[in-house]
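Note sheet for the following structure.
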Amino acid sequence: MSSVRIVCYCAVLVMCAQLPLPLALCAEPKYEVHETRLGPIHSDVQAPTFSKDGLHVAYVTARGGKVLVVVDAVPGREYDDIGEGSLIFSPDGRRVAYAAKKGAKQLVVVDGDEGAEYDGIGKGSLIFSPDGRRVAYAAKKGEKHLVVVDSLPGPQYDGIIEGSLIFSPDGKRVAYAAGKGEKRLVVVDGAPGPQYDGIIPNGPSFHEDGVLEYLAHRVRVLYRVTHTPAAGG
2 MSSVRIVCYC AVLVMCAQLP LPLALCAEPK YEVHETRLGP IHSDVQAPTF SKDGLHVAYV
62 TARGGKVLVV VDAVPGREYD DIGEGSLIFS PDGRRVAYAA KKGAKQLVVV DGDEGAEYDG
122 IGKGSLIFSP DGRRVAYAAK KGEKHLVVVD SLPGPQYDGI IEGSLIFSPD GKRVAYAAGK
182 GEKRLVVVDG APGPQYDGII PNGPSFHEDG VLEYLAHRVR VLYRVTHTPA AGG
């Protein structure tokens, strides 16, 4: 149940009486404060996360030695741990996802549904597409690393570069930078690109028209690399 309070800050008026501030700054500020009762607290509340539209809130809490996510006061399944910083809402606020630990395995939970179990989920890698319809994240399987898109595992590499996983603005394409031995490459929709000695951070990046670009270097030469969608692609 919600309640509303009208709040006034008298301290502003006191300050106005002591300082020669403009009259506009001395007006008595008022605004409404809404309180929504979410329920009793049985343990510490951590990682509060709000949807961009402000309609939903989620947080991490503990119960009976287990950890769980509560979304709009509705508790989810219990796990051994919740991935730090992994709790996110989709851009439209309709979906929620997070990484969880179950025994020695880790998995991603989307809208309450569990994904496949892996040996690890990349910290900070879990993302929604701009339209909120698709989900992607980096995972570890044995000694290899891969990207999972809409529950489908992609090709395995020696590593996935942190912070490189990205959807195109229309959500139809996905790209990330990966490591293969001593080389680095960008993977677009599962297809590997040219190999380089390194991919410059803050890339790859999609443009509005679906073109993907990034900076890379090979044998001490810097390149601007562009992936242009094929006609009809």
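Residue 2 is where the sequence shown starts when you use the working numbering, and the numbers rise one by one after that.
C-beta: ideal position from N, C-alpha, C; glycine also.
Judging by CA-CA distance, which residue of V220, A137, T62 and G164 is the nearest neighbour of Q196?
With respect to the C-alpha of Q196, the residue from V220, A137, T62 and G164 having the closest C-alpha is V220.
Using the C-alpha atoms, what's the distance from D54 back to H208?
For H208 and D54, the distance between alpha carbons rounds to 25 Å.
Given this structure, state the Cα-to-Cα distance separating T62 from R96, to the nearest angstrom.
19 Å
Would you decide whether P205 is buried or exposed? Buried here means 16 or more other CB atoms lie within 10 Å of its CB.
buried
Do you know whose CA, among G84, K141 and A137, lies nearest G121's CA?
K141
Would you tell me roughly how many angstroms separate the C-alpha atoms of Y80 and Y99, rounded to the nearest one?
12 Å
Measuring CB atoms only, is the stretch 214–228 touching the stretch 172–187, in the sense that at least three cross pairs come out at less than 8 Å?
yes
Shortest alpha-carbon distance to S169 belongs to which of S52, R78, Q47 and G133?
Among S52, R78, Q47 and G133, the Cα nearest to that of S169 belongs to G133.
Reducing DSSP to helix, strand and coil, say where V5 ends up.
Below a pLDDT of 50, predicted positions are generally treated as unreliable, and V5, at 41, falls in that range; the measurement from the model is reported next regardless. In the structure shown, V5 sits in a strand (DSSP, three-state: E or B).
Nearest CA to the CA of L153: which residue from S165, G182 and V109?
Among S165, G182 and V109, the Cα nearest to that of L153 belongs to V109.
Opening and closing residue of the beta strand (DSSP E) in which Y32 lies
K31 to T37
For K102, I'd like the list of residues in its chain whose CB is within less than 7 Å of its CB, leaving aside the five on either flank, ordered along the chain.
Y80, D81 and D82
Where does H35 land, buried or exposed, given buried means 16+ other C-beta within 10 angstroms?
In this structure H35 is exposed. Its beta-carbon is surrounded by fewer than 16 other beta-carbon atoms within 10 angstroms.
Starting from P41, trace the beta strand (DSSP E) in both directions and tell me its first and last residue.
Taken as a continuous stretch (DSSP letters only), P41 belongs to no beta strand (DSSP E), as it is neither H nor E.
For F129 and M91, the rounded distance between their alpha carbons
In the sequence as presented, Met is not what sits at residue 91; that position holds Ser. Their backbone Cα atoms lie some 6 Å apart in a straight line.
Reference S52, options L39, V72, G65 and K145, closest by Cα
The residue among L39, V72, G65 and K145 with its C-alpha nearest the C-alpha of S52 is V72.
Going by beta carbon distance, what residues of the same chain come within less than 6 Å of L22, once the five residues before and after it are set aside?
Low local confidence applies: a pLDDT of 49 at L22 is under 50, so the model's placement there is unreliable, with the coordinate-based value given in what follows. There are no such residues.
Which residue from R225, Q157 and D190 puts its Cα closest to that of N203?
R225
Check whether A48 and Y32 have beta carbons under 7 Å apart:
no
Taking Q157 as the reference, give the member of G143, R64, K67 and D45 with the closest Cα.
G143
List the residues that DSSP assigns as beta-bridge partners of H64.
Per the sequence presented here, residue 64 reads as Arg, with His not at that position. Residue pairing for R64: DSSP places it in a beta bridge opposite K67.
Local Cβ density within 10 Å of V148, reported as buried at 16 or more and exposed below that
Of the residues assessed, V148 falls on the buried side of the cut-off, its CB having 16 or more other CB atoms within 10 angstroms.
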